[in-house]
Amino acid sequence: MKDMAPRTMFKKTCLWGHVLLCSLACGRPAEQARPRAATPEQPAPSEAKEAPPPAPTPAELAAEEARRAEAAAHRVVFADRITFGYVLLLPGPPGPAPTREELQAIVRRMFAESIDDPEVALLLDLVATPPRADMSALRSPDPAVPKASEEQPLDPEAAARVWATSDLLGLEIEALPAAAVEPKLLADPELTRTLEPEERASLPERTQLVMLRALYRNQSGVRGLRLLQALVRAVAADTGALVHDPDTLETVGPAAFAARRLQASLGNVADQVVVVPFVDPRQPEAVRLTTRGMRRFGSVDLELDGLSRDLPALQQATYFLHGLGLVMVRLGEFDRSGFAVEAPEVIGLHYRDCVDAYGGQVALPRCTACPEEVEIHLVERPAEPHDPPGHVVARVVAPQAISGRSDYDHIAWIRAALDRVLGRPAT
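Take the position in the sequence shown, starting the count at 1, then add 40; the result is the number in the numbering used here.
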């Protein structure tokens with residue numbers, strides 16, 4: 041019996057194995073045929089939706105806008121296209137503007153001895169070429185005055201040569217009403233200081249006003265501005281016109297205008313830019329100096345505030361601003377890739393920049409023991425009524441690593457910056 045138990049268990053185990061194999065092989069048809077009850081579909085669990093954030097309050101919106109404006113004020117961008125012109129005050133009553141053919145004839149007469157010069161040839165081409173429709177600055181509401189976009193080039197081949205330069209974009213000629221230049225500007229002795237007595241006496245009779253406006257880019261020594269000035273100089277000398285600068289607000293005669301014309305080397309930027317004193321609203325006991333005239337270079341105008349009322353100190357600040365103006369002209373040269381040129385956050389100014397801005401015409405004081413260089417930052421300030429229309433003015437401050445600190449003393453920094461470059465002014 042003891043020997044039988046293991047064998048019986050083994051056989052029994054084997055029997056259950058055969059039954060299992062048969063079940064797997066044959067299946068269970070009765071159970072497979074029985075239909076299963078349909079199981080209702082369970083809806084997918086829905087995710088809990090987060091409540092939308094509350095709408096910002098007017099105060100929060102205003103604060104965000106202020107932050108954006110503050111950040112934008114520290115980014116100074118140069119113009120990729122410059123529009124600038126001069127107003128010619130011609131003798132006699134109002135009349136039509138000269139034609140392009142008449143202006144070309146004046147250029148040929150005035151530059152007869154250098155008519156084969158490449159720049160004279162380019163000037164003749166520029167005179168014949170209106171700006172393309174999408175670049176015109178003319179916006180006359182009078183339907184009788186043809187818009188520049190409707191004007192076709194006098195010489196298509198000349199226009200093709202102009203547009204192929206990439207820096208010259210065209211010339212506009214516009215007759216203006218006599219009131220376009222405010223009488224108070226012509227009566228201001230400072231703004232008309234270079235006029236000869238007979239020129240000043242003729243101002244009431246000069247009611248024929250013509251604007252010669254060029255569109256160009258800052259390339260090739262600001263060639264577009266130099267060609268515009270060559271044209272204005274020729275017309276003024278030929279017709280006896282006086283020249284009004286709408287940015288500096290000065291009115292000068294033909295001889296003074298010719299003496300100030302921009303050099304190809306940019307060696308006389310100071311002749312193009314005036315520096316005007318104003319009361320400083322931040323420090324009533326101080327003065328600020330602001331440039332006028334940087335628009336023609338595609339640059340913002342510049343302002344130094346917190347200055348002493350001492351005349352030698354103000355002269356020193358004027359040298360400083362003119363030197364910085366030359367630096368800005370160089371920094372703002374047009375990028376042929378098409379990207380806007382932005383001023384670096386930190387701009388270096390050296391004593392030699394101040395000297396170069398005067399083209400050797402002025403002997404600047406020098407401090408050989410001084411570093412003769414300083415780093416500055418520009419920040420756009422809000423527009424003011426006396427600013428050139430539609431033009432940005434930027435304050436000169438310390439680099440943000442310094443001016444951003446709570447203990448920044450602007451007046452002390454300005455004084456030290458001027459001293460570093462030019463030394464302490466003589467008293």
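Beta carbons are placed, not taken as given, at the ideal position from N, Cα and C, and that holds for glycine.
Query                                                                                                                      : Result
F522 burial status per 10 Å Cβ neighbour count (16 or more: buried)                                                        : No answer is possible for residue 522: it lies beyond the span of the chain, which begins at 41 and ends at 467.
Residue from V202, P217, L216 with nearest C-alpha to G210                                                                 : V202
P171 burial status per 10 Å Cβ neighbour count (16 or more: buried)                                                        : buried
Integer Cβ distance of R263 from D195, believed to fall under 8 Å                                                          : The Cβ separation is near 20 Å, so there is no contact.
Rounded C-alpha distance that separates G293 from H431                                                                     : 26 Å
CA nearest to the CA of V433, picked from T247, M368, R300                                                                 : M368
Distance CB(V395)-CB(H417) smaller than 8 Å                                                                                : no
CB of V116 within 8 Å of CB of V437, strictly                                                                              : no
Status (buried if at least 16 other CB within 10 Å, exposed otherwise) for T331                                            : buried
Closest residue to L231 among V283, V250, A276, T205 (Cα-Cα distance)                                                      : V283
P324 versus L351: straight-line alpha-carbon distance, rounded                                                             : 17 Å
CB contact flag (A220, L267, <8 Å)                                                                                         : no
Length of the line joining the Cα atoms of S446 and P321                                                                   : 20 Å
7 Å CB neighbourhood of A73 in its chain, flanking five on each side removed                                               : With a pLDDT of only 44 at A73, under the threshold of 50, the placement of this residue in the model should not be trusted, and no figure is reported.
Segments of 3+ residues assigned as beta strand (DSSP E) that fall wholly inside the stretch 89 to 172                     : 122 to 130
Coil, strand or helix - V313 by DSSP                                                                                       : coil
For R246, three-class secondary structure by DSSP                                                                          : strand
For G346, the three-state DSSP class (helix, strand or coil)                                                               : strand
Beta-carbon proximity check, H426 vs G346, cutoff 8 Å                                                                      : no
Burial state of T97 (16 or more Cβ within 10 Å)                                                                            : exposed
Exposure of G363, with buried meaning 16 or more beta-carbon neighbours within 10 Å                                        : buried
DSSP bridge partner residues for F318 (one or two, in chain order)                                                         : R328
Test: A219 CB closer than 8 Å to a CB of chain B                                                                           : Absent here is chain B; the protein component of the structure consists of one chain.
The stretch 304 to 320 contacting the stretch 388 to 405, beta-carbon criterion three pairs below 8 Å                      : yes
Range of the contiguous beta strand (DSSP E) that encloses R263                                                            : From DSSP, R263 is part of no beta strand (DSSP E) but of the alpha helix (DSSP H) over 263 to 279.
Helix, strand or coil at E382 according to DSSP, with G and I counted as helix                                             : strand
Sequence-distant residues of the same chain with beta carbon closer than 7 Å to R108, five excluded per side               : none
Cβ contact check for the stretch 222 to 241 and the stretch 143 to 162: 3 or more pairs under 8 Å                          : no
C-alpha distance - L130 paired with D285, whole-angstrom precision                                                         : 14 Å
Short Cβ contact (8 Å threshold) for L271 with L302                                                                        : no
Under the three-state DSSP convention, the category K51 falls into                                                         : With a pLDDT of only 39 at K51, under the threshold of 50, the placement of this residue in the model should not be trusted; the figure read from the coordinates follows. Helix.
Exposed unless 16 or more other CB atoms sit within 10 angstroms - verdict on Y448                                         : exposed
Limits of the beta strand (DSSP E) - the one that L366 falls within                                                        : Taken as a continuous stretch (DSSP letters only), L366 belongs to no beta strand (DSSP E), being part of the alpha helix (DSSP H) at 351 to 371.
Cα-Cα separation between E382 and E415, rounded to whole angstroms                                                         : 17 Å
Chain-order list of residues whose beta-carbon lies under 8 Å from that of I442 (same chain, five-residue window excluded) : Y448, W453
Cα-Cα separation between A403 and R464, rounded to whole angstroms                                                         : 16 Å
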